[in-house]
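Just so you know, our numbering puts -13 at position 7 of the sequence shown, and the rest follows in order with no gaps. For every residue, glycine included, the Cβ atom is placed at its ideal position computed from N, Cα and C. Bear in mind the structure is a predicted one, so any value in this text is a computation, not a measurement. Reviewing the structure listed below.
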Amino acid sequence: MDKRLLEILRCPVCKGELVYDKTAEELICRIDRLAYPIRDSMPVMLEEEARTLDAEEEVAAP
């Protein structure tokens, strides 16, 4: 994930910062606990495509 792109992208729900999870290939919003998938190197920034994080899932700091 390009760091410049990550600085620009925001959560479409709350407009908060996103954290890149390299192993899961997801962009994570810690506020809403949503994980947006990255498919074919492109982030899918649609709320209906995001998965809700389980309560047990750890969300890494940026």
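Spanning the alpha carbons of residue 25 and residue 3 requires a straight line of approximately 18 Å.
For residue 19, the enclosing beta strand (DSSP E) begins and ends at 14 to 19.
Of 0, 9 and 11, the smallest CA-CA separation from residue 22 is found for 0. For residue -15, the uninterrupted alpha helix (DSSP H) run begins and ends at -17 to -12, by DSSP.
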